[in-house]
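A.B. asks: Numbering (this note's numbering), first residue to last: 809 to 1153. Think of the CB as a built atom: it goes at the ideal place given N, C-alpha and C, for glycine as much as any other residue.
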Amino acid sequence: MKRTFLWATTSLVFIFNDPLAAQQGGLLGKSNIYALIEEVPAIPATTAIAVSKTFGPNILSEGHGKLEALYQPVRDKATRQRDEIAAYYASRQKKANGTNEELEARAKKDINQNQLLAEMGGVDAISKMTPEQAEQAAKKAADKLMAQYSNYPATAPARPIASDLKQRDAAGATMQIIEKLGDIRKRIVAIQERLDNNIKSLQQSPGNFNQIAKEYKEKWDKIPVVLMGEVRDKDPAKTKALIAEYVEKYKSRNSYELSKIGEWFNDARAKYKVELNEYYQLLEKYEKELSSKLGDPYHRSNMESSLANFESDLITIPVYLADVSQKTTQTTAIMEREQYLKTNS
């Protein structure tokens, strides 16, 4: 099984410039991810339990969505929680930033405050230039600014020491959080990769189902053909014995793989909880110590939005675990039914 997981593709920082969210608080830490991880049905301890969960009391039943019904509630809850986070910050962003026209005007104003672009005439002027004109204007503006600050350092605006210290504190606090989030993300990705790779390696290891099928075919080919009335066919007694022998091999391998995957699944679930605890500790540290160092609401809002997006990614963990558990349970049950049909048809 290979499932594209958000942790491998989602960028670390999404920025919503929303001072209101920083001032009034958001949804950080309110997603009950622990409960969702616990709610994911465990991989069955035995093949018989897998059959019961998939088909009910009758192994020949189609199940009629019985297994899906066990796992869908976790997926639905995860989707709702992620949607709540997305809707909350989208609403805050809209309230804080205003209309698209206001956003465009604000962005243009911010860009025009850049000294190089200002020397070039501003955004509107640059937009009317050809590439060659823009390149020439940029070089001219850069040369002018370099001369101003290199030859006449006294003309450069002085920055207050207090402002420098404040920005340094904000940068330090931001880096602390981003580095910690990056470390947690790497470990979470590693947990998934380890589980996926273990399952893949197991399914290709000596004694796997493909090897069993190959061995069976080789032995079946060697069974002599006998005359049965007017029909020539494989010796029925030897064929029946061979089928019974390999049904047991299939069932034994099925039980073995179920046990190993269940063991790895439980280990992954436990490790995910450790990383979730790391995130909550970081969140507590942010709220108690780092938030104030970020200074103005603008920077605090950006960081809160980054944390919220990270938390939204965390909510995909129980969905991934549900996928692994459901597929393993279903695959095991189907294999058991196939063996049942070989000896009861």
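Quick one: what's got a C-beta closer than 8 Å to LEU1084's C-beta in the same chain, skipping five residues either side?
C.D. replies: Contacts found: ILE841, TYR842, ILE845, LEU1122, ILE1125.
A.B. asks: Between the alpha carbons of ARG789 and ASP1004, how many angstroms are there, rounded?
C.D. replies: Since the displayed the chain opens at 809 and closes at 1153, residue 789 lies outside it and no answer follows.
A.B. asks: Alpha carbon to alpha carbon, how far is LEU835 from LEU820? Give it in angstroms, no decimals.
C.D. replies: Only weak support exists for where LEU820 lies, its pLDDT of 35 falling under 50; the value from the coordinates is given anyway. Approximately 18 Å between the Cα atoms of the pair.
A.B. asks: So what does LYS1042 bridge to, in DSSP terms?
C.D. replies: DSSP lists VAL1033 as partners of LYS1042.
A.B. asks: Which residues in the same chain as TRP1028 place their Cβ atom closer than 8 Å to its Cβ, once the five residues preceding and following it in sequence are excluded?
C.D. replies: For TRP1028, where only same-chain residues beyond five positions count, the Cβ hits under 8 Å are LYS1042, THR1047, LEU1050.
A.B. asks: Are PRO1044 and VAL1034 closer than 9 Å when you measure CB to CB?
C.D. replies: Cβ atoms of PRO1044 and VAL1034: closer than 9 Å.
A.B. asks: Quick one: any contact between the stretch 859-866 and the stretch 1130-1141, if contact means 3 or more CB pairs under 8 Å?
C.D. replies: Segments in contact, yes.
A.B. asks: For the alpha helix (DSSP H) containing PRO1126, name the first residue and the last one.
C.D. replies: Per DSSP, PRO1126 belongs to the alpha helix (DSSP H) from 1124-1151.
A.B. asks: Relative to the C-alpha of ASN1018, which residue among TYR1058, GLU1001, ALA945 is closest?
C.D. replies: Out of TYR1058, GLU1001, ALA945, TYR1058 has the C-alpha closest to the C-alpha of ASN1018.
A.B. asks: If you drop the 5 nearest sequence neighbours on each side, which residues of the same chain put their C-beta closer than 7 Å to that of LEU1091?
C.D. replies: Same-chain partners within the cutoff: LEU836, GLY837, LEU1115.
A.B. asks: Considering just the uninterrupted stretch of the alpha helix (DSSP H) at LYS861, what are its terminal residues?
C.D. replies: Segment 855-863, the alpha helix (DSSP H) holding LYS861.
A.B. asks: Can you give the Cα-Cα distance for ASN825 and TYR879, rounded to whole angstroms?
C.D. replies: Reliability fails at ASN825, whose pLDDT of 38 lies under 50, so the model's placement of it is uncertain and the value that follows must be treated cautiously. Rounded to whole angstroms, ASN825 to TYR879 spans 37 Å at the Cα level.
A.B. asks: By Cβ distance, which residues of its chain are closer than 7 Å to ARG883, with the 5 residues on each side in sequence left out?
C.D. replies: Once the five neighbours on either side are set aside, the close Cβ partners of ARG883 are VAL1127, ALA1130.
A.B. asks: With DSSP collapsed to three states, give me the class of ALA1116.
C.D. replies: ALA1116 falls in the helix class under three-state DSSP.
A.B. asks: Hey, how far is the Cα of ASN1110 from the Cα of ILE1020?
C.D. replies: In a straight line, the C-alpha of ASN1110 is about 56 Å away from that of ILE1020.
A.B. asks: For TYR1094, count neighbouring Cβ atoms within 10 angstroms of its own Cβ and tell me buried if that reaches 16, exposed if not.
C.D. replies: By the neighbour-count rule (16 or more Cβ atoms within 10 Å), TYR1094 is buried.
A.B. asks: Going by beta-carbon coordinates alone, are ALA858 and LEU1066 separated by less than 9 Å?
C.D. replies: Going by C-beta atoms, ALA858 is nearer than 9 Å to LEU1066.
A.B. asks: Between THR1136 and ILE851, which are expected to be in contact by the criterion C-beta below 8 Å, what is the C-beta distance as a whole number of angstroms?
C.D. replies: Indeed, because the Cβ distance is near 5 Å, the residues count as touching under 8 Å.
A.B. asks: Beta-carbon within less than 8 Å of ILE1031's beta-carbon, same chain only, minus the 5 sequence neighbours each way: which residues are those?
C.D. replies: For ILE1031, where only same-chain residues beyond five positions count, the Cβ hits under 8 Å are LYS1042, ASP1043, LYS1046, THR1047, LEU1050.
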